[in-house]
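If you want the working numbering, it's the 1-based position in the sequence shown plus 72. Glycine is no exception: its CB is placed at the ideal position from the N, C-alpha and C atoms.
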Amino acid sequence: MQISEKYNPQEIEQKWYNYWLENKYFHSEPNEKPPYTIVIPPPNVTGILHMGHMLNNTIQDVLVRRARMQGFNACWVPGTDHASIATEAKVVAKLKSEGINKSDITREEFLKHAWEWTDKYGGTILEQLKKLGCSCDWDRTRFTLEDKMSQQVIKSFVDLYNKGLIYRGYRMVNWDPEAKTNISDEEVIFKEQNGKLYFLKYKIEGTEEFLSVATTRPETIFGDTAVCINPNDERYAHLKGKNVIVPIVNRVIPIIEDEYVDIEFGTGALKITPAHDINDYEIGQKHNLQMIDSLDDDGNLNDHGLHYAGKNRFDVRKQIAKELEENDLLLKAEDYVNKVGTSERTGAVIEPKVSVQWFLKMSDIAKPALDVVMDDEVKFYPEKFKNTYKHWMENIRDWNISRQLWWGQQIPAFYYGDGENDFVVAENIEEALELAKQKTNNQQLTTNNLKQDEDALDTWFSSWLWPMSVFDGLLDPDNKDINYYYPTSDLVTGPDIIFFWVARMIMAGLEFKGEVPFKNVYFTGIVRDKQRRKMSKQLGNSPDPLDLISQYGADGVRVGSLLSSAAGNDLLFDEDLMVQGRNFMSKIWSAFRLINMWKHEDKPANSTEKQAIEWFENKLNKTIAEIDDQFEKFRISDALHLLYKLIWDDFCGSYLEAIKPNYGEGISKEVYNKTVALFEELMKFVHPFMPFQSEEIWQLISERKVDEALVIAQQKKAEKFNEDIIKNFETASEIISGIRNYRQTKGISPKETVEFYTNASEFANEPVVKKLANVSQIHFGAKTDKPSFTFLVGSTEISIPLSENLDLEEEKIKTEEEVKYLKGFLISVDKKLSNEKFVANAKPEVVEIERKKQKDALDKITILEEKLKSLN
Numbered sequence: 073m074q075i076s077e078k079y080n081p082q083e084i085e086q087k088w089y090n091y092w093l094e095n096k097y098f099h100s101e102p103n104e105k106p107p108y109t110i111v112i113p114p115p116n117v118t119g120i121l122h123m124g125h126m127l128n129n130t131i132q133d134v135l136v137r138r139a140r141m142q143g144f145n146a147c148w149v150p151g152t153d154h155a156s157i158a159t160e161a162k163v164v165a166k167l168k169s170e171g172i173n174k175s176d177i178t179r180e181e182f183l184k185h186a187w188e189w190t191d192k193y194g195g196t197i198l199e200q201l202k203k204l205g206c207s208c209d210w211d212r213t214r215f216t217l218e219d220k221m222s223q224q225v226i227k228s229f230v231d232l233y234n235k236g237l238i239y240r241g242y243r244m245v246n247w248d249p250e251a252k253t254n255i256s257d258e259e260v261i262f263k264e265q266n267g268k269l270y271f272l273k274y275k276i277e278g279t280e281e282f283l284s285v286a287t288t289r290p291e292t293i294f295g296d297t298a299v300c301i302n303p304n305d306e307r308y309a310h311l312k313g314k315n316v317i318v319p320i321v322n323r324v325i326p327i328i329e330d331e332y333v334d335i336e337f338g339t340g341a342l343k344i345t346p347a348h349d350i351n352d353y354e355i356g357q358k359h360n361l362q363m364i365d366s367l368d369d370d371g372n373l374n375d376h377g378l379h380y381a382g383k384n385r386f387d388v389r390k391q392i393a394k395e396l397e398e399n400d401l402l403l404k405a406e407d408y409v410n411k412v413g414t415s416e417r418t419g420a421v422i423e424p425k426v427s428v429q430w431f432l433k434m435s436d437i438a439k440p441a442l443d444v445v446m447d448d449e450v451k452f453y454p455e456k457f458k459n460t461y462k463h464w465m466e467n468i469r470d471w472n473i474s475r476q477l478w479w480g481q482q483i484p485a486f487y488y489g490d491g492e493n494d495f496v497v498a499e500n501i502e503e504a505l506e507l508a509k510q511k512t513n514n515q516q517l518t519t520n521n522l523k524q525d526e527d528a529l530d531t532w533f534s535s536w537l538w539p540m541s542v543f544d545g546l547l548d549p550d551n552k553d554i555n556y557y558y559p560t561s562d563l564v565t566g567p568d569i570i571f572f573w574v575a576r577m578i579m580a581g582l583e584f585k586g587e588v589p590f591k592n593v594y595f596t597g598i599v600r601d602k603q604r605r606k607m608s609k610q611l612g613n614s615p616d617p618l619d620l621i622s623q624y625g626a627d628g629v630r631v632g633s634l635l636s637s638a639a640g641n642d643l644l645f646d647e648d649l650m651v652q653g654r655n656f657m658s659k660i661w662s663a664f665r666l667i668n669m670w671k672h673e674d675k676p677a678n679s680t681e682k683q684a685i686e687w688f689e690n691k692l693n694k695t696i697a698e699i700d701d702q703f704e705k706f707r708i709s710d711a712l713h714l715l716y717k718l719i720w721d722d723f724c725g726s727y728l729e730a731i732k733p734n735y736g737e738g739i740s741k742e743v744y745n746k747t748v749a750l751f752e753e754l755m756k757f758v759h760p761f762m763p764f765q766s767e768e769i770w771q772l773i774s775e776r777k778v779d780e781a782l783v784i785a786q787q788k789k790a791e792k793f794n795e796d797i798i799k800n801f802e803t804a805s806e807i808i809s810g811i812r813n814y815r816q817t818k819g820i821s822p823k824e825t826v827e828f829y830t831n832a833s834e835f836a837n838e839p840v841v842k843k844l845a846n847v848s849q850i851h852f853g854a855k856t857d858k859p860s861f862t863f864l865v866g867s868t869e870i871s872i873p874l875s876e877n878l879d880l881e882e883e884k885i886k887t888e889e890e891v892k893y894l895k896g897f898l899i900s901v902d903k904k905l906s907n908e909k910f911v912a913n914a915k916p917e918v919v920e921i922e923r924k925k926q927k928d929a930l931d932k933i934t935i936l937e938e939k940l941k942s943l944n
């Protein structure tokens, strides 16, 4: 068979992906096998693949492919999220470029444009995931805004409302003036900004005296309804019960007292603007203050802003500071750094705003969701995220689930009057009409009398149902899919959405199914650049994953990403990792070509081959057990490192070298078949990490039937192994390395044979040592009087007589330098071990390591001093 010299991913990848799809190897239906289920964290429908997606989905694919090869009925459900804020913003921008304002068209017209946008750009990211090799069950692809998914969202809202868990009320919310909607507390990102602290003069009514009030937001004075002082502040005791005049506005407002005010901050006098600050809102409620909202939805001043009406809030800040100064109402302005809330979605500075919103009570449903994580019914990897989760769940606030958007599930509340409670909640308008007739006792009502709430539900209110809704579990609670696949097995996600999504899915699962939605949560790290900056389009520090795949192959990129991606730890991206991944592919391909090139003959295996086979079979079984253990702990990077070493060092570096026939000779057919079988087993373990190349090799190395694909082959289970056989071979490998090191340092050709003396009476792997180190003779239990190169492998001493051509004086100097270094090293170790505090407090294994260092140094010094005697 002619095998190309170089592996070409571009020729291979699409071929095998199409083959897997055509044969439905990724598709799952309930059967007698145990299920293994993962639901994809749904990316935004209009999103494109970035480095975070690549890492996250590679890990999911590794888990799914491995489960499939371990006999599970693996089902990986893909899909996308409608992403209310992000998608609506893109559609609004597109319409604006066409000269259309959202406010000038109906909801139905806008949604038509939004669906056109989604149909055009949606799903791109799923196609990109196929390039990465993701083995999703594409027949099960879902979209959070498709009909059946939306029905489940509405059904859950009605159910929670009827249980008394959803309510409508006036609250202070985080208003995003760019997206023109409120957002949750978790979507507010606080950033340090340089600004000014302005000290304003509030004149005491009827006097020339003034009260100095410090603020970073002078543009909000139009909403001031009081100035507050601490009742214990003696500086202002004479002002109790008096009024002040708001600068420029000239409105008279009271001076009130509240211990909330920090006497030490600013001037100790606080302007209270209940409509524009959460803390002011609380004080306003407590003291029954008037609420004046002076900003519109765009963040511009409204009519309360007098001559600033219609102007942007930040422009007003600059202009009003100037006006205050001109009217001697500004005492001073100081540079000030403060934390400003910004929208995670748009980056706009958030405005606190009081409005009518819908809320979900969280305290009752949060407690069970906290317990299942604390009790490890849902396990977190790494475990450290349990503390993060616990803190948030114990300090949880009611969830604001309404958004002032059109792209999303419309809130199923129907109004029949203008009163605060003149509404009903139902799954559709027909059911709403019947409820309204009952509530009003008015049978004359028609659907024309009902008006549905304009707001849409928070996107997370649909995705929190994801592990259930993808199987239509709320529409048909007893269907075969939900009964078989739920609860799902593992969730792979980023720690940044532990509150948005992970916690809420757990709550929803317990609330609607009475079961947790998944058993394990694996938190990936964040992909960062070498400067530890998060990769982003704005910084321009993120490579295009598709470009990387084109350059290094999907397998190379997958391996490169995973080699340095321990659970929960950030991945510092370095393109050298991709090179390492590609080099691993080249190493495997070279091993395949080598095996394929060998002629096989009908002859028995020799002792070297037998020992190599026996050792590698045991080593393979041991490594399989270790890999299984790492997967149990979700240490996927560590599992890959074990496999990498097994293939690169053990299989290619030792096993193939040990069985490689001499030039011009063939290999025993028995050994060849065994080697192919071992290589096939390795490909089974490589496949989850490197699916394309492993499938190519699998199909070429042996004749296969049509349905004999590697993707569905069963991985070998770990069997018993003999530790002594493994250790003996490792000892032989160290001896071989020592002899190769001797050749390298002395400039001796690998083709030139050597002999050596040893204190050992025998080697378990003598034939292997002789072949791989090109040794002509081993003198067991003997010493040489000749000057020699000596090294230790454990307690085994190896002495190679030095060549007569060697410069003995130079060798003596080198040896003396080595002794000097070792004695200096020994002093530092002795110092540490003579420190009683260190020995008493350090972990026993740490102390043991130091004792071993001490013994090894002493043994080496003894050998080198013996060598010096022979050189004199």
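- Item | Whole-angstrom distance between N80 and D527, CA atom to CA atom | Between D527 and N80, the C-alpha separation is close to 53 Å.
- Query: Are V388 and E291 close, meaning C-beta to C-beta below 8 Å?
  - Reply: yes
- So the beta strand (DSSP E) K732 belongs to, where does it begin and stop? Per DSSP, K732 belongs to no beta strand (DSSP E) and is neither H nor E.
- Message: Could you check whether L183 and K174 sit closer than 8 Å to each other, using their CB atoms as the reference points?
- Response: no
- Query: Can you check whether the CB of K602 is closer than 8 Å to the CB of L649?
  - Reply: Contact: no.
- Item | Coil, strand or helix - K411 by DSSP | strand
- Give a yes or no on whether the C-beta atoms belonging to V901 and Q926 are separated by under 8 Å. One thing to note: V901 has its Cβ within 8 Å of the Cβ of Q926.
- E119, buried or exposed, once every other Cβ within 10 Å from all chains shown has been counted against 16: The sequence shown places Gly at residue 119, rather than the Glu named in the question. Buried is the call here.
- Determine the direct distance from the alpha carbon of L905 to that of E922, and round the result to whole angstroms. 7 Å
- Could you name the residues of the same chain whose beta carbon sits closer than 6 Å to that of E681, not counting the 5 residues immediately before and after it, in chain order? I731, V743
- Item | Three-way DSSP call (helix, strand, coil) for E449 in this model | coil
- Excluding five sequence neighbours on each side, which residues of the same chain lie with their C-beta closer than 6 Å to the C-beta of W770? Closer than 6 Å at the Cβ level, and outside the excluded window around W770, lie M755, L782.
- Message: Using the Cβ count rule (16 or more neighbours within 10 Å means buried), how would you classify L378?
- Response: With fewer than 16 other Cβ atoms within 10 Å, it is exposed.
- Query: How about T213 and G151: are their beta carbons less than 8 Å apart?
  - Reply: yes
- Message: In this structure, how does DSSP classify Q482 when only helix, strand and coil are distinguished?
- Response: strand
- Going by the beta-carbon positions, is the gap between F262 and Y453 smaller than 8 Å? Taking 8 Å as the cut-off, the beta carbon of F262 is found no closer than this to the beta carbon of Y453.
- Message: Which residue marks the beginning of the beta strand (DSSP E) containing M244, and which one marks its end?
- Response: It spans 238 to 248 - the beta strand (DSSP E) in which M244 sits, taken as one unbroken run.
- Start and end of the alpha helix (DSSP H) containing L127? 123 to 141
- Buried or exposed: where does S534 fall if 16 or more other Cβ atoms within 10 Å of its Cβ makes it buried? buried
- Message: Do N837 and F801 count as a contact pair if the criterion is CB distance below 8 Å?
- Response: yes
- Mind checking if S821 is an interface residue toward chain D, Cβ cutoff 8 Å exclusive? Included in the structure is just one protein chain, with no chain D present.
- Query: Is S207 helix, strand or coil when you go by DSSP?
  - Reply: coil
- Query: At which residues does the alpha helix (DSSP H) containing W187 begin and terminate?
  - Reply: 179 to 193
- Message: Can you find the residues in the same chain that come closer than 7 Å, C-beta to C-beta, to Q683, ignoring five residues on each side of it along the sequence?
- Response: For Q683, where only same-chain residues beyond five positions count, the Cβ hits under 7 Å are N837, P839, V840.
- Message: Let's see if you can read the secondary structure: which residues bound the beta strand (DSSP E) around K425?
- Response: 423 to 432
- List the endpoints of the continuous beta strand (DSSP E) containing D562. 560 to 565
- How about the segment 613 to 629 and the segment 98 to 106: do they share at least three Cβ pairs that are nearer than 8 Å? no
- Task: Identify which residue in I483, N360, H99 has its Cα closest to the Cα of W430.
- Result: I483
- Item | M244 classed as buried or exposed, judged by whether at least 16 other C-beta atoms fall within 10 angstroms | buried
- Task: Look at K334 and I355 and say whether their C-beta atoms are less than 8 Å apart.
- Result: The displayed chain sequence assigns Asp, not Lys, to residue 334. With contacts defined by Cβ atoms closer than 8 Å, D334 and I355 do not form a contacting pair.
- Might you give, ordered along the chain, the residues of its own chain that have their beta carbon closer than 8 Å to the beta carbon of D544, omitting 5 neighbours on each side? K220, Q224, N551, D553, I554
- Query: Hey, quick one: how far does the beta strand (DSSP E) through G581 stretch, first residue to last?
  - Reply: No beta strand (DSSP E) holds G581; the alpha helix (DSSP H) holding it covers 576 to 584.
- Message: If contact is defined by three or more beta carbon pairs under 8 Å, each pair taking one atom from either stretch, is the segment 517 to 525 in contact with the segment 483 to 492?
- Response: yes
- Task: Please report how far the alpha carbon of N467 lies from the alpha carbon of V445, in whole angstroms.
- Result: 16 Å
- Please name the residue, chosen from K227, A186, I172, P303, that lies closest to N500 on a Cα-to-Cα basis. K227
- Taking Cβ to Cβ, would you say S156 is nearer than 8 Å to N472? no
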